[in-house]
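Q:
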Amino acid sequence: MKKEEIDLSDIGRILLGEAPPLFLLEVFIRGLATYMFLLVIVRWLGKRMGGQITIMEMSVMITLGAIVSVPMQAPAPIVHLVCGRRP
1 MKKEEIDLSD IGRILLGEAP PLFLLEVFIR GLATYMFLLV IVRWLGKRMG GQITIMEMSV
61 MITLGAIVSV PMQAPAPIVH LVCGRRP
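Residues in the sequence shown are numbered consecutively from 1, following UniProt numbering.
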């Protein structure tokens, strides 16, 4: 994006970007699916998960969360991104 095209009063571009609405819906669905999957995993692990976790394991969980966010927001098919393949 060129410096001349940046306008701080363009609230729609700031909040939603320049992506088409269908892509925004896809990102929402991917996020919802990821949230539901993680919710099931946390419920399955139970309360022992929080009590038995070390600082190193917590840092690995945060890193994995950051890694998962990239495929969730990319416009390519999610299977290609998770497996490391290019479409």
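Each residue gets a CB set at the ideal place from its N, CA and C atoms; glycine is no exception.
All figures in this text were calculated on a predicted structure; none of them were measured in a lab.
Could you check what DSSP says for E26 in three-state terms: helix, strand or coil?
A: E26 falls in the helix class under three-state DSSP.
Q: Can we say the region 24-38 touches the region 54-73, given the rule of at least three CB pairs closer than 8 angstroms?
A: Yes, the region 24-38 is in contact with the region 54-73.
Q: Determine whether the beta carbon atoms of L24 and L15 lie at a separation below 8 angstroms.
A: For L24 and L15, no; Cβs fall outside 8 angstroms.
Q: I need the straight-line Cα distance from L38 to V60, nearest angstrom please.
A: Approximately 15 angstroms between the Cα atoms of the pair.
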